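Heads up, the thing below is written out as structure tokens.
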Amino acid sequence: MNTLRTALLGFLLLTLTPVSAQKMLDLYKSGTVKLVPDPTYAQGNDWNTVFSTYRDSIRDSHVGARKSLVVLPDNSVIVNNTYRNFYTKFDAQGRFVKQFNLTSTKGKVFKKTEPILGVLDQNILFCAIDDPGNMYVVNNNGTWLKTLKFTFMDRQIIALPQRKLAVVGWTLNDKETSSLVSLVDYTTNTQKIIWERRKARIFPVMPYYLFSVEEPIVASVGDKLMVVDVKAGEMLLYDLNGKRLGQTPINWRGELISVEAQQAKLRKTMEAIEKFPIDKPRDNYTVEELTSFKSQSLANLQRELDNVRTPIVEPSVATVIKDSDGNLLFFEYPKTKNGNNFHVWVYANGGEFVCESTFVCDDYDLIINPDRMVFKDGYLYSLQNLKNATGIPMRLVRFKLTLP
34 MNTLRTALLG FLLLTLTPVS AQKMLDLYKS GTVKLVPDPT YAQGNDWNTV
84 FSTYRDSIRD SHVGARKSLV VLPDNSVIVN NTYRNFYTKF DAQGRFVKQF
134 NLTSTKGKVF KKTEPILGVL DQNILFCAID DPGNMYVVNN NGTWLKTLKF
184 TFMDRQIIAL PQRKLAVVGW TLNDKETSSL VSLVDYTTNT QKIIWERRKA
234 RIFPVMPYYL FSVEEPIVAS VGDKLMVVDV KAGEMLLYDL NGKRLGQTPI
284 NWRGELISVE AQQAKLRKTM EAIEKFPIDK PRDNYTVEEL TSFKSQSLAN
334 LQRELDNVRT PIVEPSVATV IKDSDGNLLF FEYPKTKNGN NFHVWVYANG
384 GEFVCESTFV CDDYDLIINP DRMVFKDGYL YSLQNLKNAT GIPMRLVRFK
434 LTLP
């Protein structure tokens with residue numbers, strides 16, 4: 034009986050143990066990786082209560098699902114709640130601990146806060162940059178430590194060694210937009226722009242109209258910074274002082290977008306703007322201002338439509354996620370519904386792409402997003418929606434990576 038019990042215990046421990054570095058790469062090379070939820074993780078949580086803000090909406094737009102997570106060095110997890118000024122804390126086993134706020138050193142609660150994005154030096158939490166250009170930095174309890182100042186907004190911020198941050202930022206004025214990557218020293222707030230792309234501003238931003246800048250993606254690889262230039266299809270490697278060390282092309286290409294497809298997309302955008310109702314003031318814009326925005330937008334889009342003459346290459350990289358062994362997973366723009374093909378890049382001997390793979394999961398509807406997927410110690414921590422769930426479907430889940 035003792036032998037059987039020992040064998041069963043050993044089997045259980047084996048099945049719950051995350052894969053090693055070499056096994057992770059071997060799994061990727063198999064072509065398909067299955068994500069299996071750890072049955073021992075996040076047990077006993079009342080998800081209808083824990084994630085009650087999942088139902089939040091603003092102007093009939095569902096925003097409650099726009100949650101993100103940060104995994105702390107002790108494996109506890111913080112979940113950001115969009116448009117709320119509180120955060121949800123889970124312990125290392127995924128059990129709900131508390132909701133907490135950011136506070137001043139005197140205990141005053143911050144009324145408006147941004148998502149917590151990462152950790153420096155084990156216990157320094159940094160937030161996204163707010164509209165005035167402030168980045169709040171707090172301790173693990175949410176108490177304010179310092180404020181960093183910026184002259185641009187952020188798309189992505191990651192922690193680097195030596196108390197540094199890499200910020201993918203953007204700015205915009207009447208004439209142009211700018212996408213940039215800046216190295217930031219946490220101690221001094223010194224900032225150094227190491228990459229920048231400027232682009233003429235084609236049309237004004239109408240309320241509720243999405244405006245995107247062709248920004249890169251950054252990842253930490255050892256004591257280096259990788260800047261993935263999505264538009265150019267290349268990876269640029271920098272040291273922590275901002276010196277460029279190398280350049281590597283992404284060796285798969287996106288599909289060509291024909292002249293006809295570009296024109297169809299522009300016409301569809303113009304049709305959407307034409308239908309934009311201007312019958313009353315909105316968000317502090319007068320009817321006259323909205324009418325002017327609409328007219329200028331349509332005129333500039335028409336000018337862009339008239340200038341479409343050649344096919345363009347579709348960007349091939351949608352996002353990049355780093356696993357717990359330092360491999361970079363380059364996800365393609367999905368060609369099919371729920372598609373999540375990714376190319377694995379290994380930072381060794383100068384770096385190389387080694388294989389193409391995909392994730393599959395029986396229990397959850399996968400959303401591939403680095404804000405909702407964090408690798409640590411061979412596990413993948415994630416916020417995903419449980420299939421066929423009753424009530425609120427979102428779960429904090431810890432996946433094991435296995436063969437199908």
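One gets our numbering by counting positions in the sequence shown from 1 and adding 33 to each.
Where a beta carbon is used, it is the ideal one built from N, C-alpha and C, also for glycine.
Every value quoted in this text rests on a predicted model; they were computed, and no experiment measured them.
Same chain only: Cβ atoms within 7 Å of residue i, ignoring 5 sequence neighbours per side
i       : result
Leu-153 : Phe-159, Ala-192, Arg-196, Tyr-219
Val-171 : Leu-135, Leu-158, Trp-177, Leu-178
Gly-384 : Thr-281, Trp-378
Pro-455 : Given that the chain is displayed from residue 34 to residue 437, the structure contains no residue 455 and the question cannot be resolved.
Asn-156 : Asn-172, Asn-173
Asp-356 : Met-57, Leu-362, Phe-408
Lys-131 : Lys-122
Close beta carbons around residue i, own chain, < 8 Å, minus the five adjacent residues each side
i       : result
Arg-300 : Leu-338
Ala-381 : none
Thr-343 : Val-292
Arg-38  : Low confidence applies to Arg-38: its pLDDT is 40, below 50, so where it sits in the model is not reliable enough to give any reading.
Pair within 8 Å by beta-carbon distance, residue i and residue j
i       : j       : result
Gly-77  : Asp-89  : no
Met-186 : Ile-162 : yes
Leu-60  : Val-66  : yes
Ile-111 : Lys-122 : yes
Lys-327 : Ile-345 : no
Val-263 : Trp-228 : no
Asn-373 : Phe-392 : yes
Leu-58  : Tyr-414 : no
Arg-428 : Ala-125 : no
Ser-349 : Gly-287 : yes
Leu-334 : Thr-302 : yes
Lys-182 : Glu-209 : no
Tyr-120 : Phe-129 : no
Asp-79  : Lys-433 : no
Asp-256 : Pro-194 : yes
Spatial neighbours of residue i in its chain, beta-carbon cut-off 6 Å, leaving aside the 5 residues before and after
i       : result
Thr-146 : Asn-118, Leu-135
Arg-431 : Asp-71, Tyr-74, Tyr-412, Tyr-414
Val-254 : Tyr-380
Cα-Cα separation, residue i to residue j
i       : j       : result
Leu-105 : Val-341 : 48 Å
Gly-266 : Val-387 : 17 Å
Ser-109 : Thr-221 : 29 Å
Leu-243 : Tyr-116 : Caution is warranted here: a pLDDT of 40 is assigned to Leu-243, below 50, making its placement in the model unreliable, and no coordinate value can be reported.
Arg-315 : Leu-270 : 45 Å
Thr-435 : Val-353 : 21 Å
Asn-371 : Glu-365 : 12 Å
Val-214 : Lys-225 : 8 Å
Ser-85  : Trp-285 : 42 Å
Gln-329 : Leu-323 : 10 Å
Asn-113 : Val-377 : 28 Å
Pro-367 : Val-407 : 20 Å
Leu-419 : Lys-56  : 27 Å
Ile-425 : Val-83  : 10 Å
Met-268 : Asn-360 : 14 Å
Asn-167 : Ser-63  : 45 Å
Thr-180 : Ser-137 : 11 Å
Ser-212 : Lys-139 : 38 Å
Asp-396 : Tyr-318 : 45 Å
Lys-298 : Lys-144 : 40 Å
Lys-308 : Gly-151 : 41 Å
Arg-188 : Gln-417 : 22 Å
Asp-164 : Glu-347 : 31 Å
Asn-206 : Arg-336 : 20 Å
Per-residue DSSP class, three states only, for residue i
i       : result
Asn-274 : coil
Lys-197 : strand
Arg-92  : coil
Phe-244 : Since pLDDT at Phe-244 reaches only 42, below the 50 mark, its modelled position is unreliable, and the value read off the structure follows with that caveat. Here Phe-244 sits in coil by DSSP.
Glu-321 : helix
Leu-150 : strand
Asn-206 : coil
Glu-438 : Nothing can be reported for residue 438: it is not among the residues displayed for the chain, which extend from 34 to 437.
Asp-309 : Here residue 309 turns out to be Phe, not Asp, going by the sequence shown. Coil, per DSSP.
Tyr-219 : coil
Leu-334 : helix
Asn-134 : strand
Glu-229 : strand
Asn-113 : strand
Phe-44  : Because the pLDDT of Phe-44 is 36, which lies under 50, any placement of that residue in the model is unreliable, and the question is left without a value.
Trp-177 : strand
Ala-449 : With the chain covering 34 to 437 only, the question about residue 449 has no answer from this structure.
Cβ-heavy atom distance, residue i to the ligand PLP, below 7 Å
i       : result
Lys-122 : Absent from the structure shown: the ligand PLP. Ligands present: none.
Contact with chain D by residue i, beta-carbon distance below 8 Å
i       : result
Ser-330 : In the structure shown, chain D does not exist; there is a single protein chain.
Between the segment 197-206 and the segment 249-259, are three or more C-beta pairs nearer than 8 Å?
By the Cβ test, the segment 197-206 is in contact with the segment 249-259, since at least three Cβ pairs between them sit closer than 8 Å.
Pair every Cβ in the segment 272-282 with every Cβ in the segment 394-404, then say whether three or more of these pairs are closer than 8 Å.
no
Any contact between the segment 310-326 and the segment 281-300? By contact I mean 3 or more CB pairs, one from each, below 8 Å.
No, the segment 310-326 does not touch the segment 281-300.
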